[in-house]
Amino acid sequence: MDKTAISSIINTLLALIPDDLIKSILDKVFDAIEDKVKDSANTWDDAIVLPLITKAREILNVPDND
Ligand SMILES: [Ca+2]
Ligand SMILES: [Ca+2]
Numbered sequence: 001m002d003k004t005a006i007s008s009i010i011n012t013l014l015a016l017i018p019d020d021l022i023k024s025i026l027d028k029v030f031d032a033i034e035d036k037v038k039d040s041a042n043t044w045d046d047a048i049v050l051p052l053i054t055k056a057r058e059i060l061n062v063p064d065n066d
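Sequential numbering from 1 applies to the sequence shown in the numbering used here.
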């Protein structure tokens with residue numbers, strides 16, 4: 001199987017997954033990272049990671065709605 005066939009299979013599979021599901025999975029991933037960063041004792045990770053996640057949420061259109 002060549003690379004073109006593999007990438008077209010992947011694209012087909014991705015197209016089958018509803019956007020809502022992808023977004024809720026991404027939200028869970030972001031939530032988990034946010035919780036870890038907020039719970040850790042140091043504050044530099046909050047200052048670096050939290051703005052990056054906020055930006056990623058904007059770019060990917062994944063609001064933190066829970
Ligand atoms: Ca922290
Ligand atoms: Ca959330």
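Here a beta-carbon is modelled for each residue, glycine too, at the ideal position from N, C-alpha and C.
Kindly give me the distance between the Cβ atoms of residue i and residue j, rounded to whole angstroms, as I take these residues to be in contact under 8 Å.
i	j	result
Leu26	Val62	5 Å
Ile53	Ile22	Wrong, their Cβ atoms sit about 16 Å apart, outside the cutoff.
Who are the near neighbours of residue i in its chain, counting only those whose CB is closer than 7 Å to its CB and skipping five residues on each side?
i	result
Asp45	Val37
Given a cut-off of 9 Å, decide if residue j and residue i are closer than it, judged by their beta-carbon atoms.
i	j	result
Asp66	Arg57	no
So, for residue i: in the same chain, excluding its five sequence neighbours on each side, which residues have a beta-carbon less than 8 Å away from its beta-carbon?
i	result
Leu60	Lys23 and Leu26
Specify the secondary structure class of residue i as computed by DSSP and reduced to three states.
i	result
Ile17	coil
Asp64	coil
Ser40	coil
Asp2	coil
Thinking just about the alpha-carbon of each residue, which of the options is nearest to the one in residue i?
i	options	result
Phe30	Ile17, Thr12 and Val49	Val49
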